[in-house]
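Protein chains: 2
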Amino acid sequence: MSHAKRVTETLRSMGRICIEHDPEVFRSVLERIGDKWSLLLIGMLQGGPMRFTELLRTTPGISRRMLTITLRALERDGLVDRTIYAEVPPRVEYRVTELGLSLSEPVLRLAMWAADHQSAIIANRTAFDADAQE
Amino acid sequence: MSHAKRVTETLRSMGRICIEHDPEVFRSVLERIGDKWSLLLIGMLQGGPMRFTELLRTTPGISRRMLTITLRALERDGLVDRTIYAEVPPRVEYRVTELGLSLSEPVLRLAMWAADHQSAIIANRTAFDADAQE
DNA sequence: GCCTTAGGTCACCTCGCGGTAACCAGGCAG
DNA sequence: CTGCCTGGTTACCGCGAGGTGACCTAAGGC
Chain B
42 MSHAKRVTET LRSMGRICIE HDPEVFRSVL ERIGDKWSLL LIGMLQGGPM
92 RFTELLRTTP GISRRMLTIT LRALERDGLV DRTIYAEVPP RVEYRVTELG
142 LSLSEPVLRL AMWAADHQSA IIANRTAFDA DAQE
Chain U
42 MSHAKRVTET LRSMGRICIE HDPEVFRSVL ERIGDKWSLL LIGMLQGGPM
92 RFTELLRTTP GISRRMLTIT LRALERDGLV DRTIYAEVPP RVEYRVTELG
142 LSLSEPVLRL AMWAADHQSA IIANRTAFDA DAQE
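Line by line, the protein sequences give chains B and U. Under the numbering used here, read the first sequence as residues 42 to 175, first letter to last. Under the numbering used here, read the second sequence as residues 42 to 175, first letter to last.
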């Protein structure tokens with residue numbers, strides 16, 4: 042059996058076990074991290090702890106409101122850690138926890154897949170649209 | 042340097058490269074597969090080709106409309122393949138393509154992470170809520 | 001003529017995600 | 001007293017994702 046074939050087989054059985062057998066667990070996690078900002082913020086924090094305003098500035102397009110909401114949700118789930126420094130002016134730092142870091146591994150694999158196959162997807166998309174055109 | 046430490050370092054640099062440096066690519070893929078059903082359907086199809094109604098039955102909660110829309114989008118991006126059998130009654134089979142299968146790897150890792158850490162997340166969540174209560 | 005069965009499409013409506021902008025706490029500066 | 005800084009919170013609102021249920025097509029059976 043070829044390597045590619047074995048990988049396929051392995052994935053198939055993983056698929057059966059992980060998703061087909063218990064879609065709710067997968068769904069619950071997708072609902073959690075599948076929103077507009079969660080994964081992106083997890084990603085942003087890979088480079089080390091960041092402050093609220095820093096995240097606000099460097100995350101393109103996020104609003105103050107959504108940053109608050111998303112960070113709270115991530116904190117609630119134990120994916121990021123929030124530290125308040127009693128200084129003047131006040132300072133708050135966010136960093137990924139161990140759990141958040143463990144999530145990063147599959148997430149970054151997904152990101153790398155994204156980077157690798159982006160062009161293929163765009164090509165498929167335009168081809169499909171061209172077919173549908175006529 | 043310990044193994045865990047090295048993994049951490051690797052992830053940090055991957056994070057910097059993949060996400061912090063170029064959030065748009067990651068965002069675009071998240072927008073694509075981050076919807077309510079795409080990843081789940083990709084997952085469902087790991088076990089082999091399935092028919093429309095079969096997916097409708099076995100995917101908990103999906104509506105006929107959303108199944109159609111999501112499958113079309115996946116087909117458009119070249120992630121699944123749609124085969125019509127000119128029989129009576131008509132039969133349509135969906136199967137993941139090579140591209141779809143390559144996506145499955147990171148996705149299934151995510152699913153396994155979900156399964157592994159679900160209880161930890163729930164624990165964190167209840168602890169956080171208990172703190173916020175008082 | 002009417003039912004069935006598979007695989008959809010269409011019109012309509014709801015609900016909640018997320019954006020905008022104003023407001024707030026609190027400590028220090030002038 | 002007024003203003004400024006950070007790190008939020010709150011009220012308001014629009015839009016679009018997604019659910020519901022009716023309808024469609026095409027062949028065959030009765």
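Don't be surprised by glycine CBs; every beta carbon is placed ideally from N, CA and C.
Apart from sequence neighbours up to five positions away, the residues of its chain that approach T138 of chain B with a beta-carbon distance below 8 angstroms are G119, L120, V121 and D122, ordered along the chain. Per the coordinates, the alpha-carbon of R166 of chain B lies some 32 angstroms from the alpha-carbon of L86 of chain B. Checking the DSSP bridge columns, you'll see E134 of chain B partnered with B:R92 and B:T124.
Between L82 of chain B and I74 of chain B, the beta carbon gap of about 10 angstroms keeps them out of contact (Cβ cut-off 8 angstroms). Within chain B, the C-beta atoms nearer than 7 angstroms to that of R166 of chain U come from R117 and D118, in chain order. Take L140 of chain B, set aside five residues on each side of it, and the residues of its chain with a beta-carbon closer than 7 angstroms to its own are G119 and L120, in chain order.
Excluding sequence positions up to five before and after I103 of chain B, its CB lies within less than 7 angstroms of the CB of W78 and L97, all in the same chain and listed in chain order.
Spatial neighbours of E116 of chain U in its own chain (CB-CB distance under 6 angstroms, excluding positions within 5 residues in sequence) are listed in chain order as R123. A buried status is given to S145 of chain B, since no fewer than 16 other beta-carbon atoms sit within 10 Å of its beta-carbon.
With respect to P90 of chain B, L151 of chain U sits apart: the two C-beta atoms are not nearer than 9 angstroms. Rounded to the nearest angstrom, the gap between the Cα atoms of I125 of chain B and R132 of chain U is 60 angstroms. In the structure shown, I110 of chain U falls within a helical segment according to DSSP collapsed to helix, strand and coil. F67 of chain B is not a Cβ neighbour of A164 of chain U, given a cutoff of 9 angstroms. Within chain B, not a single residue places a beta-carbon under 8 angstroms from that of F93 of chain U; the smallest gap is close to 17 angstroms. Around L112 of chain B, no beta-carbon contact reaches into chain U at under 8 angstroms, the shortest distance being about 13 angstroms.
Within chain B, the C-beta atoms nearer than 8 angstroms to that of T100 of chain U come from P64, in chain order. For M107 of chain U, the nearest beta carbon of chain B is not closer than 9 angstroms to its own beta carbon. The DSSP-derived three-state label of G84 of chain B is helix. Annotation for H158 of chain B: no residue places its beta carbon closer than 7 angstroms to its own, counting only its chain and skipping 5 residues before and after. Straight across, the Cα-Cα distance linking R106 of chain B with R113 of chain B is about 11 angstroms. Here the C-alpha atom of E134 of chain U lies approximately 15 angstroms from the C-alpha atom of T99 of chain U. Comparing alpha-carbon positions, the option among B:G84, B:A171, B:I162 and B:F169 lying closest to S143 of chain U turns out to be B:I162. The C-alpha of A168 of chain U lies about 37 angstroms from the C-alpha of G88 of chain U.
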